[in-house]
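Enquirer: Sharing a structure here in structure tokens format.
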Amino acid sequence: MCLYCERACISTNLTLIMLVSMEVWLQPSNPQCTSIDCAVCPSALPHIVDCFSANMETLRCRWSSGALHNLSEPGALRLFYLNKPSTVNWTECPEYSTKRPDECFFSEAHTTVWASYRVQLRSRDQSTVYDETVFTVYERVRPDPPYNLKWDVLNSSVTGQYYDTVVRWSPPESADVKSGWMKLQYELQHRDTNSDLWKASDLLDTTHSSVFGLHTGIQYEVRLRCKMSGLAFGDFSESMYIYKPSTGETTLCVVAVLMLVIISQQQKLMVLLLPPIPGPKIRGIDPELLKVIFLILSMTI
Ligand SMILES: *[C@@H]1O[C@H](CO)[C@@H](O)[C@H](O)[C@H]1NC(C)=O
Ligand SMILES: *[C@@H]1O[C@H](CO)[C@@H](O)[C@H](O)[C@H]1NC(C)=O
Ligand SMILES: *[C@@H]1O[C@H](CO)[C@@H](O)[C@H](O)[C@H]1NC(C)=O
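Read in order, the letters of the sequence shown correspond to residues -26 to -1, 1 to 275 in mature numbering (1 follows the signal peptide of the UniProt record, and there is no 0).
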């Protein structure tokens, strides 16, 4: 078992040496790493990864067998818990998940939001306690991501280069927001898909938000996540993509200007190549102007 620990520590030291040789000073995060002490390398041992509640009604605890892959089959690691200060007897996980071998599910009947839980990860024969964690369910509430993202154009600039949008979404289905049991705050992030830089909104209490000043002809990626006030964010939603082609008004303007230029050049060329046209028969009307008007009319028809 300690062998795995030793390996983990050596690789940590190697990264440290590399960093130091690059003249980057980092406080060693694991100073006892050189000793063969399993306690300093907990990730190599079986450990509790996370206990969290998506809906403030049920609880899930997940674990990892670390480097001991022979402990990854169901039943090799067992989860026990205490959630009432009065009880002294540990209770085994009420329901091991059937979909994944590393998860325990606590239904409503076994979840008390404000109670303190003490959870242990033990070996099959319970002779070894690999990990232990203490928490209240409330502080571990991490909602599922929002879904059903949609967008609409609010308005466009006169040149057609910029536009404003409104993005709408639905709260996670698992969260009871209608009754007020959960009150969620959202964060909207968007970026140009050619960039790694996300722009995050302030915390939003609504299920819609405007995104201003997007460029036409550029694809944007939008994602959302949510949280309870004062607690950690849940996962990001699936991305939605926003794109508005840069054709339309701009191209029309450019085409119109080009046409006018060509027409005016044409007049100059004709003046250069052809003998002068006799003067106008009708006083006050410029024949050049007439030609231009005729050309524009014939093009629009
Ligand atoms: C799992 O593997 C480790 C390291 O090889 C060994 O010490 C341990 O006894 C094994 N456990 C089981 C349950 O097979
Ligand atoms: C704890 O477990 C012991 C032995 O299984 C049992 O005798 C005792 O009544 C239990 N205590 C409680 C409070 O459940
Ligand atoms: C959309 O309309 C608002 C209010 O009239 C204006 O301030 C904003 O600049 C417009 N957006 C664009 C992209 O033109």
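Where is the CB? At the ideal position from N, CA and C, for every residue including glycine.
It should be emphasised that the depicted structure is a prediction, and the values quoted were computed from it without experimental measurement.
Can you tell which of Arg52, Thr65, Tyr70 has its C-alpha closest to the C-alpha of Ser101?
Expert: Arg52
Enquirer: Cα separation between Leu123 and Asp24?
Expert: Answer to the nearest angstrom: the Cα atoms are 28 Å apart.
Enquirer: Of all residues in the structure, which have a C-beta closer than 6 Å to any heavy atom of ligand 3, taken in chain order?
Expert: Asn129, Ser130, Ser131, Tyr136, Tyr137, Asp138
Enquirer: Is the CB-CB distance between Thr139 and Val185 below 7 Å?
Expert: With contacts defined as CB atoms closer than 7 Å, Thr139 and Val185 qualify as a contacting pair.
Enquirer: Comparing alpha-carbon positions, which option in Asn168, Thr167, Ser169, Ser144 lies nearest Gln159?
Expert: Ser144
Enquirer: By the three-class DSSP mapping on this structure, what secondary structure does Lys265 have?
Expert: helix
Enquirer: For Ala206, count neighbouring C-beta atoms within 10 Å of its own C-beta (all shown protein chains included) and say buried if the count is 16 or more, exposed if not.
Expert: exposed
Enquirer: Assign Ala18 to buried or exposed, taking buried as 16 or more other Cβ atoms, counted over all protein chains shown, within 10 Å of its Cβ.
Expert: Classification for Ala18: buried.
Enquirer: Hey, how far is the Cα of Thr190 from the Cα of Ser131?
Expert: 10 Å
Enquirer: Spatial neighbours of Cys67 within its chain, please: C-beta separation below 6 Å, excluding the five flanking residues on both sides.
Expert: Leu53, Cys78
Enquirer: Give me the DSSP bridge partner(s) of Thr32.
Expert: Answer is none; Thr32 lacks a bridge partner.
Enquirer: What residue range is occupied by the uninterrupted beta strand (DSSP E) comprising Ser175?
Expert: Premise fails: Ser175 is in no beta strand (DSSP E) and is neither H nor E.
Enquirer: Below 7 Å between beta carbons: does that hold for Trp125 and Ile216?
Expert: yes
Enquirer: Apart from the five residues on each side of it in sequence, which residues of its chain come closer than 6 Å, Cβ to Cβ, to Asp105?
Expert: His21, Ile22, Leu95
Enquirer: Quick one: is Gln1 buried, meaning 16 or more other Cβ sit within 10 Å of its Cβ, or exposed?
Expert: The predicted model places Gln1 with a pLDDT of 35, which falls under 50 and marks its position as unreliable; any figure quoted below should be read in that light. Exposed, since its Cβ has fewer than 16 Cβ neighbours within 10 Å.
Enquirer: With a threshold of 7 Å between beta-carbons, can Thr86 be considered close to chain B, or not?
Expert: Reference to chain B is not applicable here, since this structure consists of a single protein chain.
Enquirer: So, with DSSP's three-state summary, where would you put Ile192?
Expert: coil
Enquirer: Can you tell me where the beta strand (DSSP E) holding Asn129 begins and where it ends?
Expert: Per DSSP, Asn129 belongs to the beta strand (DSSP E) from 121 to 130.
Enquirer: Quick check: Thr110 and Leu33, are their CB atoms within less than 7 Å of each other?
Expert: no
Enquirer: With a threshold of 6 Å on Cβ separation, who are the neighbours of Asp209 within its own chain once the five nearest residues in sequence on each side are excluded?
Expert: Pro119
Enquirer: Among Arg199, Thr72, Thr167, which has the Cα closest to the Cα of His182?
Expert: Arg199
Enquirer: Leu177: which of Ala50, Gly204, Ile236, Pro75 sits nearest, CA to CA?
Expert: Gly204
Enquirer: Taking the continuous beta strand (DSSP E) assigned at Ser144, which residues delimit it?
Expert: 136 to 144
Enquirer: DSSP puts Phe26 in a beta bridge; with which residues?
Expert: Arg34
Enquirer: Can you tell me which of Glu47, Ala89, Leu234 puts its alpha carbon nearest to the alpha carbon of Thr61?
Expert: Per the C-alpha coordinates, the member of Glu47, Ala89, Leu234 positioned closest to Thr61 is Ala89.
Enquirer: Rank Arg98, Thr133, Tyr91, Ser97 by C-alpha distance to the C-alpha of Glu113 and give the top, closest one.
Expert: Tyr91
Enquirer: Whole angstroms is fine: what's the gap from Thr65's alpha carbon to Cys35's?
Expert: Going from the Cα of Thr65 to the Cα of Cys35 covers about 14 Å.
Enquirer: Does the Cβ-Cβ distance between Leu188 and Ser175 come in under 7 Å?
Expert: no
Enquirer: Which of the three DSSP states, helix, strand or coil, is assigned to Leu45?
Expert: If DSSP states are grouped into helix, strand and coil, Leu45 belongs with the helices.
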